[in-house]
Amino acid sequence: MKRYFLAIIMLISFSSIAKDLSSFYLESRTRILLAGERHINDQARDIFSESLEDFKRRGGDTLGLEMVESHKQFLLDNFLQKRENSEFKLYEYLRVRWQYNTENYMKLITRARSLDLKLLAIDLDKRKRPAETALYPVPPEISKVRAAREAHMAKVLCQAEFQRIVIIIGSFHALDKFLPTALRKECYAESESINLSKL
């Protein structure tokens, strides 16, 4: 009986989160949407993944991925085209490079492919990152790496062709003073953010 009530509570909770994401897609007036996440929160990412169908119904055509460096776009393109070994190669790249729950991120990317969404790699090549500020832990406000990554992400987003994009990204990047400011600086693009952890 206790498990039954827990299951009901979880379903109600998931339903309200999905409703908030649906409202976000419906009410947002910008082409660029940022879904800020904690990379270790698989549950919120699962709910986000399920919301992609609603995103597509609201004019969305592209999922942006912080976890893939832009020079590795070919991995996503090959995956979308279902080329031989493309799923394995993308999985291995994420496992080595991203090191969070690779299975959960692959589930999200596979869901996007099943909905015929385009995939866009937006992160800066790790080899091109500047030396970090000599302070530990590095406050996000003074992180040279964060600033360089966001400047690169803004450039990629400003040059990409999409009707409407939602980007799964760390919640710090989605704060107005970070990636949204970089987007305005790069090409006067406005964006809207939602924090998946607070839903």
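Residue numbers (our numbering): 975 to 1173.
Every residue, glycine too, gets a C-beta built ideally from N, C-alpha and C.
Note that the coordinates shown come from a computational prediction; the quantities given were computed from them, not determined experimentally.
Going straight from the alpha carbon of residue i to that of residue j, what length do you get?
{"i": "ILE1006", "j": "PRO1111", "result": "30 Å"}
{"i": "ASN1075", "j": "GLN1017", "result": "11 Å"}
{"i": "SER987", "j": "ILE1021", "result": "Confidence is the limiting factor: at SER987 the pLDDT is only 37, short of 50, which leaves the residue's position unreliable and the question unanswerable from this model."}
{"i": "GLU1058", "j": "SER1044", "result": "21 Å"}
{"i": "LYS999", "j": "VAL1119", "result": "Per the sequence shown, the amino acid found at residue 999 is Tyr instead of Lys. Approximately 30 Å, taken between the alpha carbons."}
{"i": "PHE1053", "j": "LEU1068", "result": "13 Å"}
{"i": "ASP994", "j": "GLN1073", "result": "29 Å"}
{"i": "GLU1027", "j": "LEU1109", "result": "42 Å"}
{"i": "ARG1146", "j": "LEU1157", "result": "The amino acid occupying residue 1146 in the given sequence is Phe; Arg does not appear at that position. Those two C-alpha atoms are separated by around 15 Å."}
{"i": "GLY1144", "j": "GLU1040", "result": "8 Å"}
{"i": "LEU1098", "j": "ALA1105", "result": "14 Å"}
{"i": "LYS1081", "j": "LYS1046", "result": "19 Å"}
{"i": "LEU1049", "j": "SER1117", "result": "28 Å"}
{"i": "ASN1078", "j": "LEU1008", "result": "19 Å"}
{"i": "MET1051", "j": "LYS1100", "result": "According to the sequence provided, residue 1051 is Asp. The question's Met does not apply to it. Distance between the alpha carbons of ASP1051 and LYS1100: 20 Å."}
{"i": "LYS1056", "j": "ALA1134", "result": "22 Å"}
Sort out for me which residues DSSP pairs residue i with in a bridge.
{"i": "LEU1092", "result": "Rather than Leu, the amino acid found at residue 1092 in this sequence is Lys. According to DSSP, which records beta bridges pairwise, LYS1092 is partnered with THR1036."}
{"i": "LEU1200", "result": "The chain is shown only over 975 to 1173; residue 1200 falls outside these bounds and no answer can be derived."}
{"i": "ASP1097", "result": "GLU1043"}
Measuring CB to CB, does residue i end up less than 9 Å from residue j?
{"i": "THR1004", "j": "PHE1136", "result": "no"}
{"i": "ARG1085", "j": "GLU1024", "result": "yes"}
{"i": "LEU1149", "j": "ILE1141", "result": "no"}
{"i": "ALA1128", "j": "ALA1163", "result": "yes"}
{"i": "ARG1071", "j": "ARG1138", "result": "no"}
{"i": "GLU1115", "j": "LEU1153", "result": "no"}
{"i": "SER1002", "j": "GLU1160", "result": "no"}
{"i": "ASN1169", "j": "GLY1034", "result": "no"}
{"i": "ALA1122", "j": "LYS1102", "result": "yes"}
{"i": "LEU1093", "j": "LYS1030", "result": "no"}
Hey, which unbroken runs of the alpha helix (DSSP H) at 4 residues or more fall wholly within the stretch 1026-1088?
1047-1054, 1060-1071 and 1076-1088
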